[in-house]
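Numbering (the numbering used here), first residue to last: 438 to 537.
Report on the following structure.
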(Lines of atoms letter the chains of each structure in order from A and count residues from 1; the text may use other names and numbers.)
(Lines give C-alpha, C1' and ligand atoms only; values in the text may rest on other atoms or scores of the structure.)
Protein backbone atom coordinates (compact mmCIF):
# COMPACT_ATOMS: atom_id res chain seq x y z
CA UNK A 1 0.00 0.00 0.00
CA UNK A 2 1.29 3.44 -0.89
CA UNK A 3 0.66 4.81 2.59
CA UNK A 4 3.30 2.47 3.97
CA UNK A 5 5.66 3.39 1.14
CA UNK A 6 5.30 6.99 2.33
CA UNK A 7 6.45 5.92 5.79
CA UNK A 8 9.44 4.09 4.33
CA UNK A 9 10.38 6.97 2.02
CA UNK A 10 10.13 9.47 4.86
CA UNK A 11 12.24 7.31 7.16
CA UNK A 12 14.86 6.79 4.45
CA UNK A 13 15.02 10.41 3.28
CA UNK A 14 14.40 12.39 6.45
CA UNK A 15 15.05 9.94 9.27
CA UNK A 16 12.96 7.65 11.44
CA UNK A 17 12.19 10.47 13.88
CA UNK A 18 10.12 12.21 11.17
CA UNK A 19 7.91 9.12 11.03
CA UNK A 20 7.22 8.40 14.66
CA UNK A 21 8.36 11.35 16.78
CA UNK A 22 8.18 14.70 14.98
CA UNK A 23 4.61 15.95 14.41
CA UNK A 24 3.58 16.34 10.79
CA UNK A 25 1.55 19.47 11.58
CA UNK A 26 0.91 20.22 15.25
CA UNK A 27 0.71 17.08 17.40
CA UNK A 28 0.21 13.96 15.30
CA UNK A 29 3.13 12.18 13.69
CA UNK A 30 3.08 10.93 10.11
CA UNK A 31 2.70 7.43 11.49
CA UNK A 32 -0.48 8.39 13.38
CA UNK A 33 -1.91 10.21 10.35
CA UNK A 34 -1.35 7.16 8.18
CA UNK A 35 -2.94 4.84 10.76
CA UNK A 36 -6.00 7.10 10.83
CA UNK A 37 -6.19 7.27 7.02
CA UNK A 38 -5.79 3.49 6.79
CA UNK A 39 -8.68 2.94 9.19
CA UNK A 40 -10.96 5.22 7.17
CA UNK A 41 -9.79 3.77 3.88
CA UNK A 42 -10.55 0.24 5.13
CA UNK A 43 -14.07 1.31 6.09
CA UNK A 44 -14.71 2.67 2.61
CA UNK A 45 -13.25 -0.43 0.95
CA UNK A 46 -15.65 -2.65 2.90
CA UNK A 47 -18.57 -0.30 2.22
CA UNK A 48 -17.81 -0.22 -1.51
CA UNK A 49 -17.63 -4.01 -1.57
CA UNK A 50 -21.02 -4.23 0.13
CA UNK A 51 -22.59 -1.77 -2.29
CA UNK A 52 -21.19 -3.72 -5.23
CA UNK A 53 -22.74 -6.94 -3.88
CA UNK A 54 -26.05 -5.18 -3.27
CA UNK A 55 -26.10 -3.96 -6.87
CA UNK A 56 -25.50 -7.46 -8.16
CA UNK A 57 -28.21 -8.91 -5.95
CA UNK A 58 -30.83 -6.22 -6.60
CA UNK A 59 -30.55 -6.76 -10.35
CA UNK A 60 -31.71 -10.35 -9.89
CA UNK A 61 -34.61 -9.69 -7.52
CA UNK A 62 -38.24 -9.53 -8.52
CA UNK A 63 -39.89 -9.11 -5.12
CA UNK A 64 -40.18 -5.44 -4.16
CA UNK A 65 -39.82 -6.26 -0.45
CA UNK A 66 -36.49 -7.97 -1.04
CA UNK A 67 -35.27 -5.01 -3.07
CA UNK A 68 -36.31 -2.63 -0.29
CA UNK A 69 -34.49 -4.79 2.26
CA UNK A 70 -31.24 -4.60 0.31
CA UNK A 71 -31.64 -0.88 -0.32
CA UNK A 72 -32.01 -0.29 3.41
CA UNK A 73 -28.59 -1.94 3.88
CA UNK A 74 -27.26 0.45 1.23
CA UNK A 75 -28.63 3.47 3.08
CA UNK A 76 -27.45 2.35 6.51
CA UNK A 77 -23.77 2.23 5.44
CA UNK A 78 -22.92 -0.36 8.11
CA UNK A 79 -19.17 -0.32 7.50
CA UNK A 80 -18.79 3.45 7.92
CA UNK A 81 -18.26 4.23 11.59
CA UNK A 82 -19.64 7.73 12.13
CA UNK A 83 -17.58 8.30 15.27
CA UNK A 84 -14.32 7.38 13.53
CA UNK A 85 -15.12 9.68 10.61
CA UNK A 86 -16.03 12.54 12.95
CA UNK A 87 -12.84 11.95 14.94
CA UNK A 88 -10.78 12.13 11.76
CA UNK A 89 -12.50 15.36 10.72
CA UNK A 90 -11.91 16.84 14.16
CA UNK A 91 -8.25 15.81 14.31
CA UNK A 92 -7.54 17.06 10.80
CA UNK A 93 -9.17 20.39 11.60
CA UNK A 94 -7.17 20.61 14.83
CA UNK A 95 -3.91 19.66 13.13
CA UNK A 96 -4.26 22.06 10.20
CA UNK A 97 -6.03 24.99 11.89
CA UNK A 98 -3.86 28.04 11.34
CA UNK A 99 -5.80 30.30 13.71
CA UNK A 100 -4.36 28.75 16.87
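The beta-carbon is built from N, C-alpha and C at its ideal position, and this holds for glycine as well.
Note that this is a predicted model, so its numbers are computed, not measured.
- One thing to note: residue 533 has its Cβ within 8 Å of the Cβ of residue 462.
- Taken atom to atom, the span from the alpha-carbon of residue 480 to that of residue 519 is near 10 Å.
- Judged by DSSP in its simplified three-state form, residue 485 adopts helix.
- Here the alpha carbon of residue 491 sits roughly 23 Å from the alpha carbon of residue 522.
- Per the DSSP secondary-structure output, residue 460 pairs in a beta bridge with 466.
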